[in-house]
Amino acid sequence: MAGGYAVFMLMNKLPEEPLDYDMFWKKEEQTREDIWRAFKVALMNVWECALKPQDCSMRNLI
């Protein structure tokens, strides 16, 4: 790779089911609020590390 660089990303397969759009909206309101709060905390932690997620599709939510 003359003049370039490579990026490698490793990910673990987690034991839970992915959270898709329909599954999310079928959950009770309190459960959805809990998910939103947990997601916000996790995203803020990512941003604190000066990282910017590039693949933000729902398939990445577990």
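For the sequence shown, my numbering puts the final residue at 59, and the numbers step up evenly by one. Just so you know, even glycine gets a beta-carbon here, dropped at the ideal spot from N, CA and C.
Check residue i in the structure and name its three-state DSSP category.
i, result
"Glu26", "helix"
"Val38", "helix"
"Met8", "coil"
"Glu45", "helix"
"Tyr2", "coil"
"Asp52", "coil"
"Asp19", "helix"
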